[in-house]
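Here is the structure we will look at.
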Amino acid sequence: MKKTLLALLAMLAFSLPAMAAVDLNSASEADLQKVKGIGPVKAKAIVDYRGKNGPFKSVDELDKVKGFGPGTLKQIRNDVTVGGGAAPAKADGKAADKAGKKSEKPAGK
Numbered sequence: 016m017k018k019t020l021l022a023l024l025a026m027l028a029f030s031l032p033a034m035a036a037v038d039l040n041s042a043s044e045a046d047l048q049k050v051k052g053i054g055p056v057k058a059k060a061i062v063d064y065r066g067k068n069g070p071f072k073s074v075d076e077l078d079k080v081k082g083f084g085p086g087t088l089k090q091i092r093n094d095v096t097v098g099g100g101a102a103p104a105k106a107d108g109k110a111a112d113k114a115g116k117k118s119e120k121p122a123g124k
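This is the structure:
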């Protein structure tokens, strides 16, 4: 009985990270590629789209990204999410800091 319970707990512990949805607005290309159905080309297209158009407002907006159609969107819908507060990651994986750039300006100008 104890071995069965231990085995179930171990399986649950290893499966939890796979259940977490990837945030389209903060994920790097590498993070996006962890989603089944998103390879290097689609991950780059997401990051490029985000850079040109700003953060995603909904998962459905993926249909505007090159390479994404209804089939792909249906396949990955449960594996991606759209967060609100995180700064989008750039292609190199570093978070964009627009607020920090604005605060570098001297006061009064």
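Residue numbers (this note's numbering): 16 to 124.
Glycine residues also receive a C-beta, built at the ideal position from the N, C-alpha and C atoms.
Asked: When the distance is taken between beta carbons, is L47 closer than 8 Å to V74?; Found: no
Asked: Roughly how many whole angstroms lie between the Cα atoms of G98 and F71?; Found: 8 Å
Asked: How about G82 and V56: are their beta carbons less than 8 Å apart?; Found: yes
Asked: Do the CB positions of V62 and E44 come within less than 8 Å of each other?; Found: yes
Asked: With distance defined between alpha-carbon atoms, name the residue in I53, K18, A35 nearest to Q90.; Found: I53
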